[in-house]
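Its first residue numbered 6, the sequence shown is counted upward by one per residue in this note's numbering.
Here the structure comes first, spelled out in structure tokens, and everything after it is commentary.
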Amino acid sequence: MTSRLDYYSASPKAMKAMIAMEALTSNLSIEPALLHLIKIRASQLNGCAFCTDMHSVDARRLGETDRRLYSIVVWRDSGFFNPRERAALAWTEAVTLLSQSHVPDDVYAQAREQFSESEMVDLTIAVTTINSWNRLAVSFRQTPSA
Numbered sequence: 006m007t008s009r010l011d012y013y014s015a016s017p018k019a020m021k022a023m024i025a026m027e028a029l030t031s032n033l034s035i036e037p038a039l040l041h042l043i044k045i046r047a048s049q050l051n052g053c054a055f056c057t058d059m060h061s062v063d064a065r066r067l068g069e070t071d072r073r074l075y076s077i078v079v080w081r082d083s084g085f086f087n088p089r090e091r092a093a094l095a096w097t098e099a100v101t102l103l104s105q106s107h108v109p110d111d112v113y114a115q116a117r118e119q120f121s122e123s124e125m126v127d128l129t130i131a132v133t134t135i136n137s138w139n140r141l142a143v144s145f146r147q148t149p150s151a
């Protein structure tokens with residue numbers, strides 16, 4: 006697959022805003038290890054190889070195990086994730102697949118059992134931010150380096 010364009014050089018002002026949003030997301034209430042799980046799951050759903058690869062590497066640097074990383078795609082059927090992580094992954098899927106899910110009430114209730122109101126907003130901002138990155142990377146065919 007050939008990259009279509011370098012979106013950083015094509016629109017530096019837009020990318021400056023994206024980078025600022027990413028910096029904000031990284032400094033909110035959601036713990037870094039959980040942020041990477043969220044980013045990986047949204048990226049898998051969006052078919053973003055670049056972001057899936059990048060956040061898997063970053064998660065490993067934070068001590069995440071290969072076994073858990075391999076199981077994110079089937080998190081519902083695995084016993085590797087605690088209730089907070091499961092709630093975050095369910096929320097990530099519902100928000101990412103918004104047009105299909107409309108974020109069901111049961112998913113919201115599950116998330117509210119694990120996250121405060123402010124954490125819910127922070128979690129949603131994290132999901133929307135990675136979805137924006139995925140849309141850039143997929144649309145312009147950014148791929149991971151071998």
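For every residue, glycine included, the Cβ atom is placed at its ideal position computed from N, Cα and C.
In the structure shown, N87 adopts coil according to DSSP, grouped into three states. Under the DSSP assignment, N136 falls in the alpha helix (DSSP H) whose first and last residues are 122-144. Beyond the five residues adjoining it in sequence on each side, I130 comes within less than 7 angstroms, by CB distance, of T30, L33 in the same chain, given in chain order. Straight across, the Cα-Cα distance linking M125 with R65 is about 25 angstroms. Judged by beta-carbon spacing, L42 lies within the 8 angstroms limit of I77, meaning their Cβ atoms are closer than that value. In this structure, the CA atom of I45 is about 23 angstroms from the CA atom of E118. 8 angstroms or more divides the Cβ of W96 from the Cβ of L74. With contact defined as three or more Cβ pairs closer than 8 angstroms, the segment 132-146 and the segment 108-123 are not in contact.
A direct Cα-to-Cα measurement between S16 and T134 gives close to 18 angstroms.
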